[in-house]
Amino acid sequence: MTVPAQPAHGREDTTDSTAADALRAVVLGVDGVTAVFPSRPLWQRLPAGALSLLQGGAADAEDGPLVEGGGTGPLQVTVRLGVSDSARTPDVVRAVASAVRGHLAPAEVSVSVTVARISAK
Amino acid sequence: MSTSHDTLGCGHTLEELSLYLDTGDFPDPGHLDSCPECRNGLDSLRRLSTAGSELFSSDLADAGSGSDDWMKNILANLKLELRPGRTIPLRSEDPLDRLTETEGSVLALVRSVTDSTPGAVAGKVRLEGDVTVPGEAITVNLDLAVVFGHPLLGSATALRRDLGEALARHTELNIAAIDITITDVIDAPREES
Amino acid sequence: MRDQLDLVPDAILAGRAADGDTAAFEALARRYGPHMRACARRLTGSHADADDVVQEALVQAWKQLDSLREPAAVKGWLLRLTGSRSIDCLRRRRNHATLSADDDGGQAVEPPAGEPGPESSAMATSGTEALKLALARLPEEQRRCWVLKEFNGQTYEQIAQTLNISPASVRGRLARARVALVRDMEGWR
């Protein structure tokens, strides 16, 4: 199983910063998405070292989708985002899941999307 | 206060007077009118209380405004976390996916729609019912403050309609009712702008 | 929107903040921050410590707001948090400062914020100045009671909780503080 920028290495986070940035851009490119938040709230985050793998060593820049797994089961992608109040949140969320799946094809992907904010802008 | 001991010549204590000042309780209330020592003591304590109020006012002025940089710095340091609340499911097209929105994001939406209604400010918002189960009947309870002088009835009707539309647009909740309770009337003047 | 929140009653802001509205919480902080700061300065005697205390109290407030049963009482609650965090700060400082200090009712490690010592009392020019000087000479335990009462309007029971002493002790300390302050300021009237 692979992701576009770099092959998977077992159960650990499998992307480098380029792949993460690309995925983030895909999410932000969906109509109605206003922001991509850190994929876990602060209190749930792993120690900086573990997640810095995802961001090419930028310890405090965990502000994108989280990609995990890929060893045996499907690739797990977790996204927290903000949606514009002029959009339709359920449609936006489904479009995000679909865009993520399309971006990572042909990998088997399980997408978890959480809307943390619905607001103007 | 000229006594050098905590018990006055009349047998009452300064502690009793101090307590009386705070609570109005005194073992022998009639005595206070007739006893010069107690009256002097109370006068002194009241002057102290006045000086205390003046010191507080002076300290409060020295502390600056809540809009000043010191408070901005403190607020910036706080890094307030959003409160997610319960997890509200959204339908997904792929069984592998898990699509949700946080209760906190929906409460914020309700506040935002309410605040944009002229003369209305949202208070506490509650989603009653199990929002984590699709299709459950949910009642929205909204506390509302209204600005004095704005027509209430028209606002409430329009607000209920706007909230219904926003919730239909941004959630898949089965909204059974939107209950609005006016809890406060704000009689402060409307903002200048 | 921000301006509008500044006009809104406490209970509304507290209810919203408990729901997670950071803007409402910040409006509360702006509204009562100066009072919290004034209280913390008078209790800790340090401007730097006071700002730390205000920040700690606000962190605690944000975490515990949903436990506040009466949202309209948010002002008193914020001030009680400020009082408690100030006392914590004094305890920490005392533990750092000295091994020999009398641990129960000794004098403050340093007099309150930039106060002149007793030798400067000739400079007292007003009731406020005289009171500042008299306060600086008050035993620490009495000053705490007095500030919590007169600045924060706390009840005897609330002060007792903050200081972890009995309400009867609060009554006694407050009375002794007042008597000492009046005596000290006698030349002023």
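Protein chains in written order, with our numbering: chain A, 132 to 252; chain B, 23 to 215; chain C, 15 to 203.
Ideal Cβ placement from N, Cα and C applies to all residues, glycine included.
Beta-carbon proximity check, C/G97 vs C/L27, cutoff 8 Å: Numbered from 1 along the third sequence, position 83 holds the residue referred to as residue 97 of chain C. Numbered from 1 along the third sequence, position 13 holds the residue referred to as residue 27 of chain C. Taking 8 Å as the Cβ cut-off, C/G97 and C/L27 do not qualify as a contacting pair.
Reference C/W91; option with closest CA among C/P48, C/N166 and C/S140: Locating residue 91 of chain C in the third sequence gives position 77, where the first residue counts as 1. Taking only the C-alpha atoms, the option nearest C/W91 is C/N166.
Beta carbon proximity, B/S215 to chain A, threshold 8 Å: In the second sequence, counting from the first residue as 1, residue 215 of chain B sits at position 193. Low per-residue confidence applies at B/S215: pLDDT is 40, beneath 50, and the placement is therefore not dependable, though the value from the model is reported in the following sentence. No, B/S215 does not count as interfacial toward chain A.
For C/T58 and C/L104, the rounded distance between their alpha carbons: Start at 1 with the first residue of the third sequence, and residue 104 of chain C comes out as number 90. Start at 1 with the first residue of the third sequence, and residue 58 of chain C comes out as number 44. One C-alpha to the other measures close to 6 Å.
is_contact[A/A236, chain B] using C-beta, thresh 8 Å: As a first step, residue 236 of chain A must be located in the first sequence, where it is residue number 105. No, A/A236 lies away from the interface with chain B (no Cβ there is under 8 Å from its Cβ).
Under 8 Å between C-beta atoms of A/V164 and A/V208: Position 33 of the first sequence, counted from the first residue, corresponds to residue 164 of chain A. Position 77 of the first sequence, counted from the first residue, corresponds to residue 208 of chain A. No, they are not a contact pair.
Inter-residue Cα distance where the pair is B/L20 and B/E103: With chain B covering 23 to 215 only, the question about residue 20 of chain B has no answer from this structure.
Contact the region 31-42 of chain C vs the region 108-118 of chain B: 3+ CB pairs below 8 Å: no
Residues bridged to B/T35 (per DSSP): Locating residue 35 of chain B in the second sequence gives position 13, where the first residue counts as 1. In the DSSP output, where bridge partners are listed per residue, B/T35 has B/T29.
Test: B/D119 CB closer than 8 Å to a CB of chain A: Sequence index remark: in the second sequence, residue 119 of chain B carries index 97 (1-based). Yes, B/D119 counts as interfacial toward chain A.
Where A/A236 falls: helix, strand or coil (DSSP): Position 105 of the first sequence, counting from 1, holds the residue named residue 236 of chain A. Coil at A/A236, not helix or strand.
Every unbroken beta strand (DSSP E) within the region 68-116 of chain B, with a cutoff of 3 residues, ordered by chain: 109-112
CB contact check: B/A73 to chain C, cutoff 8 Å: The sequence position of residue 73 of chain B within the second sequence is 51, counting from 1. It does; some Cβ of chain C falls within 8 Å.
Residue environment, B/T72, which counts as buried when at least 16 other CB atoms sit within 10 Å: As a first step, residue 72 of chain B must be located in the second sequence, where it is residue number 50. Exposed, by the Cβ-count rule.
Counterpart residues of B/L3 in DSSP-defined beta bridges: Nothing in the structure corresponds to residue 3 of chain B, since chain B is present only between 23 and 215.
Chain-ordered chain C contacts of B/G107 [CB-CB under 9 Å]: Reading the second sequence from its first residue, position 85 is the one you call residue 107 of chain B. The answer, in chain order, is D33 and G34.
Option nearest B/L195 by Cα separation, candidates B/D201, B/G186 and B/V143: In the second sequence, counting from the first residue as 1, residue 195 of chain B sits at position 173. Taking only the C-alpha atoms, the option nearest B/L195 is B/G186.
Buried/exposed call for B/K220, threshold 16 Cβ in 10 Å: No answer is possible for residue 220 of chain B: the residues shown for chain B start at 23 and end at 215.
Cβ separation of A/A228 and B/S114, assumed to be a contact under 8 Å, to the nearest whole Å: The sequence position of residue 228 of chain A within the first sequence is 97, counting from 1. The sequence position of residue 114 of chain B within the second sequence is 92, counting from 1. About 6 Å separates the two Cβ atoms, so the contact holds.
Spatial neighbours of C/R197 in its chain, beta-carbon cut-off 6 Å, leaving aside the 5 residues before and after: Here residue 197 of chain C refers to the residue found at position 183 of the third sequence. None.
First through last residue of the beta strand (DSSP E) which encompasses A/T165: Residue mapping note: residue 165 of chain A aligns to position 34 of the first sequence, counting from 1. V164 to F168 is the extent of the beta strand (DSSP E) around A/T165.
Rounded straight-line distance, which links the Cα of C/D35 to that of B/I208: Along the second sequence, one-based indexing puts residue 208 of chain B at 186. Along the third sequence, one-based indexing puts residue 35 of chain C at 21. When rounded, the distance between both Cα atoms is 19 Å.
Per-residue contacts from B/G126 into chain C (C-beta, under 8 Å): On the second sequence, residue 126 of chain B is found 104 positions in, with the first residue counted as 1. Going along chain C in sequence order, the residues near B/G126 (Cβ under 8 Å) are D33 and G34.
Among A/P205, A/A226 and A/T203, the one whose alpha carbon lies nearest that of A/V214: Taking the first sequence and counting its residues from 1, one reaches residue 214 of chain A at position 83. The residue with the shortest Cα to Cα distance from A/V214 is A/A226.
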